[in-house]
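K.L.:
In this note's numbering, the protein residues as written are 48 to 674.
Where is the CB? At the ideal position from N, CA and C, for every residue including glycine.
(1) Would you check if the distance between the CB atom of residue 526 and the CB atom of residue 69 is smaller than 9 Å?
(2) Which residues share a DSSP beta bridge with residue 378?
(3) Check residue 115 in the structure and name its three-state DSSP category.
(4) Just to confirm my understanding: we take residue 200, look at its own chain, exclude 5 residues before and 5 after, and list those with CB closer than 8 Å. What are they?
(5) For the beta strand (DSSP E) containing residue 155, list its first residue and its last residue.
(6) With DSSP as the reference, please indicate the residues paired to residue 124 in a beta bridge.
(7) Residues bridged to residue 441 by DSSP?
(8) Does residue 296 come out as helix, strand or coil in the three-state DSSP assignment?
(9) What residues match up with residue 85 in a beta bridge as DSSP calls it?
(10) For residue 221, which of helix, strand or coil comes out of DSSP?
(11) Count the other CB atoms, across all protein chains shown, that sit within 10 Å of the CB of residue 678; report buried if there are 16 or more and exposed otherwise.
(12) Tell me, please, which residues DSSP counts as bridged to residue 255.
(13) I'd like the span of the alpha helix (DSSP H) that includes residue 643, first residue to last.
(14) Output the boundary residues of the alpha helix (DSSP H) element that contains residue 74.
(15) Can you have a look at residue 93 and say buried or exposed, based on whether 16 or more other CB atoms are within 10 angstroms of its CB?
(16) Output the boundary residues of the alpha helix (DSSP H) element that contains residue 405.
(17) What residue range is occupied by the uninterrupted alpha helix (DSSP H) comprising residue 367?
(18) Going along the chain, which residues of its own chain have a beta-carbon closer than 7 Å to the beta-carbon of residue 603, five neighbours each way excluded?
(19) Are residue 377 and residue 327 touching if we call contact CB-CB under 9 Å?
(20) Output the residue ranges of the alpha helix (DSSP H) runs that lie fully inside the segment 182-218 and measure 4 residues or longer, sorted by chain position.
(21) Out of 571, 204 and 503, point me to the one whose CA is closest to residue 554's CA.
(22) Below 8 Å, how does it come out for the segment 572-592 and the segment 648-660: are there three or more Cβ pairs, yes or no?
(23) If you count every other CB in all the chains shown that lies within 10 Å of the CB of residue 197, and 16 or more means buried, which is it?
(24) Find out if the Cβ-Cβ distance for the pair residue 136, residue 124 is shorter than 9 Å.
(25) Enumerate in chain order the residues of its own chain whose CB-to-CB distance from residue 75 is below 7 Å, with the five nearest sequence positions on each side excluded.
(26) Considering only their Cβ atoms, is the gap separating residue 634 from residue 551 smaller than 9 Å?
(27) Once you ignore the five residues that flank residue 312 on each side, which residues in its own chain have a CB closer than 6 Å to its CB?
(28) Helix, strand or coil for residue 401 per DSSP?
(29) Kindly list the residues whose CB is nearer than 6 Å to the CB of residue 532, restricted to its own chain and excluding five residues on each side of it in sequence; keep chain order.
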């Protein structure tokens, strides 16, 4: 009756071993480390860089515990935070001689002390939030003047197009900072241009001034529009940061505005801080321009002359200069999607772009009107432009799908697609404050939280053993199994544990022991009714399961509501709460039943069980017999 088949015991043993395996990394702790990664796609981090890091640290008198090459970065594990800071300074001085043009990112990090065999099994410790272990804190300064300049540049191109569509002749359109100057020959043309700007560009205000025999129409952004542009730039940058951090897979990030031009980013439990810093700090934007193929441009490409007016000089990835026109045809704002892929003919890594309706129309018109000419796709990173590819337009391209390639590696294509897919920044940002919050800040919170869970578990175990005897021991073991599984699942999911999560863990212990109390009391009721011990155990578990399931499901619904609608600390509580309910149902019913069956199930003539005092209503029984 109370016997499990071998396969059920095998499942319980496997679950126990997996729980122990994935919980172990949380007990090894983390060590301070310095991470070196590439800031440019053309600079690779390989074994040579690893050897250089080792030599720099040796020259600085530092002996790292371990120096590893992990993917595209080198990590040097140190013994103390002081040596970590010394190593960072030494590597920064050696690898980044020119801070204005860095090739590498040297960032502080924390790496697990787990043995290599655990890491090979993908057994990693769970992340801890900023209130416990910490993470990375960034303060970003948004360049609002650059946002206004970018907006003015956009207005200049739109005005040029609008004047051409209305057949209004002008002597040239130029931009000086955030001011747009339009030269016209006569007063009638000036009036027509001013009326056009007033009708189609409500955010611009114009002032007319004589310029010799001509007239100059100066357009500037209105003050209220300026504030709106700055607010939109800040909001767009926050949205873009959200997208980029989501691409990094960071759990429960904090991204919020601070003041008029600053953004605070907190990444709890981030391991790859260098990658985070790289992604956040990069201002990758895409621009499509036509290549200047005039005689002066050809001479400038070969270095035999200056860059002609209205054009700019950029380099291809091969180092070959390309002269492109300043007029921007399309920007990253017209992108709806960007995915890495491979060319069907050459099998080279590519980035496949999808344009919106406006971008598709513009791209179709430009390709139709410039067949036989070259078109450059320029990628801007950290204010520096690079021509990704400059193909010849063979035919009209419609449909809004564009493929770019340019001797990219698979990793470069993935990074480029990630940045473009996440969205372009409305304005460049500079990291003005960065620090890694170490364990010392949350040491007191960790100690208090762990003590509350441990001592709560011990107190409950003592009570259960005293009140339910051997069944109390079984319940206590099942309770410990519940905590083990909870930690293992959190580690497997790489969830972020915060102080509210520890509170949810303590609550999960209470919910789990409540299930065991229901089971034990059910068995007592059956024994009180005169049922045999074996039958009482069987009936007690069977009848208690329905009650346990109903109560836990209703509690789980409330937890799912918190998970769906909550954020920040509430969401951190809900994650642990929901997982704890599921693990408690397994441990309280199946694992506890397995222990009971293993102890009592083989006894055919079981006369009694150790479940404490079974109170029988003796007086009521005597009255019933008398009547």
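P.N.:
The structure says:
(1) One-based indexing of the chain shown puts residue 526 at position 479. One-based indexing of the chain shown puts residue 69 at position 22. Cβ atoms of residue 526 and residue 69: not closer than 9 Å.
(2) Counting from 1 along the chain shown, the entry for residue 378 is found at position 331. 334, per the DSSP bridge assignment.
(3) The count along the chain shown starts at 1 and reaches residue 115 at position 68. Residue 115 falls in the strand class under three-state DSSP.
(4) In the chain shown, counting from the first residue as 1, residue 200 sits at position 153. Here the set comprises 222 and 375.
(5) For the purposes of this step, residue 155 is taken as the residue at position 108 of the chain shown. Looking at the DSSP string, the run of the beta strand (DSSP E) that includes residue 155 is 151-159.
(6) In the chain shown, counting from the first residue as 1, residue 124 sits at position 77. Per DSSP, 80 and 113.
(7) Locating residue 441 in the chain shown gives position 394, where the first residue counts as 1. The partner list for residue 441 (beta bridge, DSSP) is empty, contrary to what the question assumes.
(8) Translated into the one-based positions of the chain shown, residue 296 becomes position 249. Any answer about residue 296 is weak, because its pLDDT of 46 lies below 50 and its placement is not dependable; what the coordinates show is given next. In the three-state scheme derived from DSSP, where H, G and I count as helix and E and B as strand, residue 296 is classed as coil.
(9) Within the chain shown, residue 85 is the residue found at index 38, counting from 1. Paired residue(s): 151.
(10) As a first step, residue 221 must be located in the chain shown, where it is residue number 174. In this structure, residue 221 counts as strand in the three-state DSSP scheme.
(11) Any property of residue 678 remains undetermined from this structure, which presents the chain solely from 48 to 674.
(12) Indexing the chain shown from 1 puts residue 255 at position 208. Note: residue 255 sits in a beta bridge opposite 264.
(13) On the chain shown, residue 643 is found 596 positions in, with the first residue counted as 1. Segment 639-647, the alpha helix (DSSP H) holding residue 643.
(14) Within the chain shown, the letter at position 27 stands for residue 74. Boundaries for residue 74: no alpha helix (DSSP H) harbours it, and the DSSP string shows neither H nor E there.
(15) For the purposes of this step, residue 93 is identified with residue 46 of the chain shown, where counting begins at 1. When all chains shown are included, residue 93 counts as exposed.
(16) Here residue 405 corresponds to residue number 358 of the chain shown, with the count starting at 1. It spans 404-416 - the alpha helix (DSSP H) in which residue 405 sits, taken as one unbroken run.
(17) For the purposes of this step, residue 367 is taken as the residue at position 320 of the chain shown. Taken as a continuous stretch (DSSP letters only), residue 367 belongs to no alpha helix (DSSP H), as it is neither H nor E.
(18) Within the chain shown, residue 603 is the residue found at index 556, counting from 1. Scanning its chain for C-beta atoms nearer than 7 Å, with the 5 sequence neighbours on each side dropped, one finds around residue 603 the residues 625 and 628, in chain order.
(19) Indexing the chain shown from 1 puts residue 377 at position 330. Indexing the chain shown from 1 puts residue 327 at position 280. No, the Cβ-Cβ distance between residue 377 and residue 327 is not below 9 Å.
(20) 191-212, all fully within the segment 182-218.
(21) Within the chain shown, residue 554 is the residue found at index 507, counting from 1. Comparing Cα-Cα distances from residue 554 to each of 571, 204 and 503, the minimum goes to 503.
(22) Short answer: they touch.
(23) Working through the chain shown from its first residue, we reach residue 197 at position 150. Residue 197 comes out buried.
(24) Your numbering for residue 136 matches position 89 in the chain shown. Your numbering for residue 124 matches position 77 in the chain shown. Not in contact: residue 136 and residue 124 (Cβ atoms no closer than 9 Å).
(25) For the purposes of this step, residue 75 is taken as residue 28 along the chain shown, with counting starting at 1. If we look at residue 75 and ignore the five residues flanking it on each side, its Cβ neighbours are 159, 160 and 161.
(26) The count along the chain shown starts at 1 and reaches residue 551 at position 504. The count along the chain shown starts at 1 and reaches residue 634 at position 587. No, Cβ-Cβ distance for residue 551 and residue 634 is not below 9 Å.
(27) Within the chain shown, residue 312 is the residue found at index 265, counting from 1. Counting only Cβ-Cβ distances below 6 Å, and skipping sequence neighbours, we find 185 and 302.
(28) In the chain shown, the residue the question calls residue 401 occupies position 354. Strand at residue 401.
(29) By one-based count along the chain shown, residue 532 stands at place 485. Contacts found: 66 and 630.
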